[in-house]
Amino acid sequence: MKVKVVTHILEANDRIAAENRKLFKESGVYVINLMSAPGAGKTSLIEKTIRELSGDLKIGVIEGDIAGFDDARRISNLNVPVVQINTGGACHLDANMISEVLGDLPLKELDLLIIENVGNLVCPAEFKVGENIKVMLLSIAEGDDKPLKYPLMFEESSALILNKIDLLPHTNASIEKIRKNSLSLNRKLKIFEVSCRTGEGIGKWVKWLQSLIK
Ligand code: MG
Ligand code: ZN
């Protein structure tokens, strides 16, 4: 019985996600669903990406957090349209939450919409929101055991961004192990090594992103 309920929720979500997808397509906006554990650096990556690409692309952002407006404030400092969703306890964004705020964004003017999901390595991967691709961020400091512990996130993502590589000498994490185990789950996964703090590797990521949009 419980399984049935969950199935219904996901089916209803997929229907709304398909409507969002249609609207994004009609508006000519490419959409990324950005997922990670709390503190991996999602907002920092968005800031870096906007700084690199805003001369070239019109970018909008949807911030998802359980509570608070800090991330939307950070993004609005960069003068791009941003909407903050507070889920009020829910640990992921769903298609309906996204649908409800789309009227607050100038979709037709945008080339790229980045949706920052709630920090969580589990259910954000289960709920489509109408995105073109899912991208996940894993900070080196979280440890190299995450791909095999949270496989769905790695399976569903088109790109994995390994952040905080400047911290590598201070951890026991093995990038090689992360790469090997991530690729064993998803052979097509594109992997980038970056540091949002130093800017290392950001160029390769934004170049790849740009190639998807144009
Ligand atoms: Mg954030
Ligand atoms: Zn959740």
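Going by this note's numbering, the first residue of the sequence shown is number 10, and it counts up by one from there. No residue lacks a Cβ here, since even glycine has one placed at the ideal position from N, Cα and C.
Residue i Cβ short of 8 angstroms to the ligand MG heavy atom set
{"i": "G69", "result": "no"}
{"i": "K225", "result": "The structure shown has nothing for residue 225, since the chain only spans 10 to 223."}
{"i": "G128", "result": "yes"}
{"i": "T52", "result": "yes"}
{"i": "E72", "result": "yes"}
Distance between residue j and residue i (C-alpha atoms, nearest Å)
{"i": "I84", "j": "I94", "result": "13 angstroms"}
{"i": "D103", "j": "M162", "result": "15 angstroms"}
{"i": "I222", "j": "L111", "result": "20 angstroms"}
Counted within 10 angstroms of its Cβ, other Cβ atoms place residue i as buried (16 or more) or exposed
{"i": "N88", "result": "exposed"}
{"i": "V14", "result": "exposed"}
{"i": "I178", "result": "Residue identity check: residue 178 is Pro in the sequence provided, not Ile. Answer is exposed; the Cβ neighbour count stays below 16."}
{"i": "N181", "result": "exposed"}
{"i": "N29", "result": "buried"}
{"i": "K173", "result": "buried"}
Near the ligand ZN: residue i beta-carbon under 8 angstroms from a heavy atom
{"i": "P47", "result": "no"}
{"i": "V131", "result": "yes"}
Spell out a yes or no on whether the segment 137 to 154 and the segment 39 to 56 are touching, meaning 3 or more CB-CB pairs, one atom from each, closer than 8 angstroms.
Taking 8 angstroms as the limit for Cβ pairs, the verdict is that the segment 39 to 56 does touch the segment 137 to 154.
Pair every Cβ in the segment 124 to 133 with every Cβ in the segment 15 to 27, then say whether three or more of these pairs are closer than 8 angstroms.
Touching, no.
Three or more C-beta pairs under 8 angstroms: does that hold for the segment 63 to 83 against the segment 182 to 193?
Below 8 angstroms, too few C-beta pairs join the segment 63 to 83 and the segment 182 to 193 to call them touching: fewer than three.
Give the list of continuous beta strand (DSSP E) stretches no shorter than 3 residues that lie fully inside the segment 14 to 88.
Qualifying beta strand (DSSP E) stretches, in chain order: 39 to 45, 68 to 74.
List in chain order: all unbroken alpha helix (DSSP H) runs of 4+ residues lying wholly within the segment 147 to 203.
Segments of the alpha helix (DSSP H) lying fully in the segment 147 to 203: 155 to 158, 160 to 165, 184 to 194.
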